[in-house]
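Engineer: For what it's worth, this note's numbering labels the leading residue of the sequence shown as 249, then goes sequentially. Take a look at this one; I'll ask things after.
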Amino acid sequence: MDFRVAPAGHGLTWFQQSIRMLDKNPRGLLAVALLLVLLEQAPNLLAAIPNLAVSISVLLMLLGPTLLAGMFYAIDEANAGRPVSPLHLFEGLRRRGARAQLLLLGVFVLLALLLAAVAAQRILGADNLAILVKVAAQKLASDSVEAQQMFGPLLKTMMVILVLLFVLLSGLFFAIPQVMFDGRSALPAFFQSIAACAANVLPLTVYGLLLFAACVGVGLALGILAALLGLLGTLGALLLGAAMVAVTVVVLLVSTSGNYLVWREVFGHASTSISPPHAGIVV
């Protein structure tokens, strides 16, 4: 076994230190995270050209692990006290040794999503899919007899998709930094990541629950803000959009920093202890 098993209490430590990571280089790290968020919005901006929007969505899913590897690299640079540039987001594409393996992880993402789509089609069936489309388009009431009959197959489909996504995320959690920093091949890193997540299920659960609770709290605050900004009409909508982008950037940076810190401890690269910030965010 090439990884460590952390105590359950380290989940709290990872969460606290992931927030403190913002103090390492806030301007540089936020710029990298903002660039990634803006890239992810590209398909929405091209919604008027459906084929192009779909193509870019697929490309971004393929490049997802590679871009996240760039986020890890930027966080690693900040943690070491070195400057951070938005171009660090593309470091995974520049590294010949890691590039092919990171793209292979992207292929795993596409295959998992394709498998989820096939499973949904097989479990739901054509008739239930048609009913689901009608309900989504508000052409059929959600409390109608047809919609209620669809509930059982829909629940099974959701369970299967959740299992697939859980396996995918567990495989990517440690695999991306392993490929990026340790030069591991994608396939063994993916399966070792699943094993490491299983062995560290307690601290990861604590960390995940804390992150989820923080996201729920931020979501509630955004809901209140949306109600207030709704009174301002178009200006309020613009301000709300800016606030949502800002929150997304911070959540992305904190969650990726946590992932980075967990990897460093579980795979023995260094202690996760980070010196308290001199100013700024204190947790």
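In this text, a Cβ means the ideal position worked out from N, Cα and C, and glycines have one as well.
#1: Could you tell me the alpha carbon to alpha carbon distance between Met428 and Phe438, rounded to whole angstroms?
#2: Out of Val449, Ser433, Val497, state which residue places its alpha-carbon closest to the alpha-carbon of Gln349.
#3: What is the DSSP secondary structure of Ser303, counted as helix, strand or coil?
#4: Going straight from the alpha carbon of Val510 to that of Leu480, what length do you get?
#5: So what does DSSP say about Ala290, is it helix, strand or coil?
#6: Using only CA atoms, which one of Thr504, Gly471, Gln397 lies nearest to Phe421?
#7: Between which two residues does the alpha helix (DSSP H) carrying Leu500 extend?
#8: Considering just the uninterrupted stretch of the alpha helix (DSSP H) at His258, what are its terminal residues?
#9: With DSSP collapsed to three states, give me the class of Gln386.
#10: So the alpha helix (DSSP H) Pro451 belongs to, where does it begin and stop?
#11: Let me make sure I understand the geometry here. Which of Ala367, Phe399, Gln426 has the alpha-carbon closest to that of Ala317?
#12: Between Asn273 and Ala346, which are expected to be in contact by the criterion C-beta below 8 Å, what is the C-beta distance as a whole number of angstroms?
#13: Along the chain, where does the alpha helix (DSSP H) that runs through Arg342 open and close?
#14: Using the beta-carbon count (16 or more within 10 Å), is Phe460 buried or exposed?
#15: Nearest-angstrom Cα distance between Ala469 and Gly489?
#16: Just the C-alpha distance for Val498 and Pro291, rounded to the nearest angstrom, thanks.
#17: Is it buried or exposed, Val280, if we count other Cβ atoms within 10 angstroms and call 16 or more buried?
Structural biologist: Walking through what the data contain:
#1: Cα to Cα, Met428 sits roughly 13 Å from Phe438.
#2: Taking only the C-alpha atoms, the option nearest Gln349 is Ser433.
#3: In this structure, Ser303 counts as helix in the three-state DSSP scheme.
#4: Rounded to the nearest whole angstrom, the CA to CA distance from Val510 to Leu480 is 43 Å.
#5: Collapsing the DSSP output to three states places Ala290 in a helix.
#6: Minimum Cα distance to Phe421 is reached at Thr504.
#7: Residues 482 to 514.
#8: 258 to 268 is the span of the alpha helix (DSSP H), which, as asked, contains His258.
#9: Three-state result, Gln386: coil.
#10: Annotation: the continuous alpha helix (DSSP H) that includes Pro451 extends over 449 to 477.
#11: Closest by alpha carbon: Gln426.
#12: The distance from the Cβ of Asn273 to that of Ala346 is about 22 Å, inconsistent with a contact at the 8 Å cut-off.
#13: From DSSP, the alpha helix (DSSP H) with Arg342 extends over 339 to 342.
#14: Under this definition Phe460 is an exposed residue.
#15: Straight-line Cα distance between these residues: approximately 14 Å.
#16: Answer to the nearest angstrom: the Cα atoms are 21 Å apart.
#17: Result: buried.
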